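Each residue of the sequence shown is one higher than the one before, counting from 0 in numbering that gives the first Met the number 0.
Note that beta-carbon positions come from the ideal geometry of N, C-alpha and C, so glycine has one too.
In this text, all values refer to a predicted model and were calculated from it rather than measured experimentally.
Structure first, then comments.
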Amino acid sequence: MAPSRRRVVPSRPVLRREALGAAWLLVGAAIGLAALLLVTGLVQVVAPGRGSASVALTLALVLLVALLGLLPGVRELEVTAARTLLGVRSELVLPEEPAATHRRRTVATVATHLVLGLLAGVLLVGVLPALVASVVVQLRGGPVQLAGRTFAPWSGPAALATGLAGVLLVGLAVTGLRRLAVRAVARLLGPTAQDRLVVALARLEAEAAHTRLARELHDGIGHALTIIGLQAAAGRRVLASDPRRTEESLGTIEDTARGALGELDDLLGSLRSGAVVRETAPGLDRLDALLATYRSGGMTLDCRVDELPWVPRLTSTTAYLVVAEGLTNAARHAAPGAVQLRVATTARALRVQVSSPRTPAGTVPATARGLGLTGVAERVRLLGGSVQAGPVGGRWVLDVELPRNGTRG
């Protein structure tokens, strides 16, 4: 079901608002009168002169109104009329796949339109002309011909006041019917509890998609930029003394930038199509290449990696992202010194620990504890693992434990 559609209707001058409201009512009166004449004619043909004719007339009218309300496009017409003629400002719903509740409410809207229209039609077409004619008669002082009838003047100014009061009362009654129609239509064509739930879920999905996109940008583009920065610094340091090393750094920068650009294209494509089409995320099988990239950029790494048995692909990619996040934060924020990496396995868990020297201030800057670590924590907890990140002695430690089977009950 599509989210509800909302349209802001600007405020209107009083006369225009009342005129358009009267037009909405008269449309209902015309349709209601046509339905009444049709049903009356059919009943007279089917059951002429029977005592049950009134019951049959009522049932036929109810059935016809229900059929009108169930016709395709009727809800769209009612919504359009409510916005343009009644000036309804509240949210009105046009579901792509109407549920039974929407159909029932559409039938009730049609019935409300016809009933209020017939009442307004009696007042505007039957009562109002007679009252206007009586006022004109009193003002002219002689009889007036109107619709084949002669209206003679009453006696005294009380008759004029009575006629004017009657015209005013009819106007107030029609205004009341219009206001009642606005409230009824806004309620009947407005969102149901299910519609609001669908809209809320759609918004949550959109926010979750934005969060996932931000996480992908951080994990992919952010890490790539860190590697590019490290390689550029390393290449600059040995530019004069070791041209071959500089060439290797430039090659790494080129490859990393190309890969980041491809990932960015995929992410931007997901914004247009809503579906992310990407290559399989790297896992622990590419850990050596990741470590080599940071070492070549000048990072001192003290690594102890156990022989890794088979683990589920999702666990492997998550562990890789944990290492990448830890090394990225160390490259950005750690004090000079060796960065320690420990990857250990037990019968039931895979443990990843990245430890780096703390900055002179004693803590890692707030940016290091932002989106990256938050994303890591979300991924790890989805797999049933645990995350600890914070200062331990003179070092900053990221300690993650992942269940070997991918989830933990």
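Thinking C-beta only, is Val78 closer than 8 Å to Leu187?
Reading the sequence shown from its first residue, position 188 is the one you call residue 187. Reading the sequence shown from its first residue, position 79 is the one you call residue 78. No, the Cβ-Cβ distance between Leu187 and Val78 is not below 8 Å.
What does the Cβ neighbour count give for Val375, buried or exposed, with the cut at 16 atoms within 10 Å?
By 1-based counting over the sequence shown, the position of residue 375 is 376. Result: buried.
So is Asp194 buried or exposed if we call it buried at 16+ other beta carbons inside 10 Å?
On the sequence shown, position 195 is the one that residue 194 refers to. Counting Cβ neighbours within 10 Å, Asp194 comes out buried, since at least 16 surround it.
Could you check whether Pro356 and Gly417 sit closer than 8 Å to each other, using their CB atoms as the reference points?
Here the chain has residues from 0 to 408 only, and residue 417 is not among them.
Could you please give me the residues that DSSP links to Leu300 through a beta bridge?
Start at 1 with the first residue of the sequence shown, and residue 300 comes out as number 301. Answer is Val338, bridged to Leu300.
Under 8 Å: do the region 194-204 and the region 296-304 share three or more Cβ pairs, one atom per stretch?
no
Counted within 10 angstroms of its Cβ, other Cβ atoms place Thr345 as buried (16 or more) or exposed:
The residue labelled residue 345 in the question sits at position 346 within the sequence shown. Answer is exposed; the Cβ neighbour count stays below 16.
Is the beta carbon of Val166 closer than 8 Å to that of Leu130?
Translated into positions along the sequence shown, residue 130 becomes position 131. Translated into positions along the sequence shown, residue 166 becomes position 167. Going by C-beta atoms, Leu130 is nearer than 8 Å to Val166.
Count the other CB atoms within 10 Å of the CB of Glu253; is the residue buried (16 or more) or exposed (fewer)?
Position 254 of the sequence shown, counting from 1, holds the residue named residue 253. Exposed, by the Cβ-count rule.
Looking at the secondary structure, which residues open and close the alpha helix (DSSP H) in which Gly384 lies?
Here residue 384 refers to the residue found at position 385 of the sequence shown. Note, Gly384: premise wrong, no alpha helix (DSSP H); not H, not E.
What residue from Arg16, Glu75 and Leu196 has the CA that sits closest to Thr105's CA?
As a working note, residue 105 is residue 106 in the sequence shown. For the residues Arg16, Glu75 and Leu196, the minimum Cα distance to Thr105 belongs to Glu75.
How far does the beta strand (DSSP E) with Val351 in it extend, from its first residue to its last?
Translated into positions along the sequence shown, residue 351 becomes position 352. That run of the beta strand (DSSP E) goes Ala348 to Pro356.
What do you reckon, are the CB atoms on Leu25 and Leu123 nearer than 8 Å?
The residue you call residue 25 lines up with position 26 of the sequence shown. The residue you call residue 123 lines up with position 124 of the sequence shown. Cβ atoms of Leu25 and Leu123: closer than 8 Å.
Is Asp254 helix, strand or coil when you go by DSSP?
In the sequence shown, the residue the question calls residue 254 occupies position 255. Correct three-state label for Asp254: helix.
How about Leu340 and Val321: do their beta carbons lie closer than 8 Å?
Here residue 340 refers to the residue found at position 341 when the sequence shown is read from its first residue. Here residue 321 refers to the residue found at position 322 when the sequence shown is read from its first residue. The answer is no: Cβ separation not under 8 Å.
Would you list, in sequence order, the uninterrupted alpha helix (DSSP H) runs of no fewer than 4 residues that lie entirely inside the region 57-88?
73-80
In the DSSP assignment, find the unbroken beta strand (DSSP E) run with Arg312 in it and report its ends.
For this step, residue 312 is matched to residue 313 along the sequence shown. First-last for Arg312: Arg312 to His332, but that is the alpha helix (DSSP H), not the beta strand (DSSP E).
Tell me the residue span of the beta strand (DSSP E) that contains Arg394.
Start at 1 with the first residue of the sequence shown, and residue 394 comes out as number 395. Its beta strand (DSSP E) spans residues Arg394 to Pro402.
Going by beta carbon distance, what residues of the same chain come within less than 6 Å of Ala110, once the five residues before and after it are set aside?
Reading the sequence shown from its first residue, position 111 is the one you call residue 110. Within the same chain, Ala110 has close Cβ partners Val64.
What residues match up with Pro390 in a beta bridge as DSSP calls it?
Taking the sequence shown and counting its residues from 1, one reaches residue 390 at position 391. According to DSSP, Pro390 bridges with Trp395.
Inter-residue spacing [alpha-carbon to alpha-carbon] between Val87 and Asp264:
On the sequence shown, position 88 is the one that residue 87 refers to. On the sequence shown, position 265 is the one that residue 264 refers to. Rounded to the nearest angstrom, the two C-alpha atoms are 44 Å apart.
Does the distance from the C-beta atom of Ile226 to that of Gly297 stay below 8 Å?
Here residue 226 is taken as the residue at index 227 of the sequence shown, counted from 1. Here residue 297 is taken as the residue at index 298 of the sequence shown, counted from 1. No, Cβ-Cβ distance for Ile226 and Gly297 is not below 8 Å.
On the DSSP letters alone, give me the boundaries of the alpha helix (DSSP H) that Gly120 sits inside.
Residue numbering aside, residue 120 sits at position 121 when the sequence shown is read from its first letter. Start and end: Ala99 to Gly120.
Anticipated Cβ contact below 8 Å, Gly20 with Leu84, distance rounded
Walking along the sequence shown from the start, residue 20 turns up at place 21. Walking along the sequence shown from the start, residue 84 turns up at place 85. Confirmed, Cβ separation roughly 7 Å.
Test item: CB-CB of Ser315 and Gly282 under 8 Å:
Indexing the sequence shown from 1 puts residue 315 at position 316. Indexing the sequence shown from 1 puts residue 282 at position 283. Going by C-beta atoms, Ser315 is nearer than 8 Å to Gly282.
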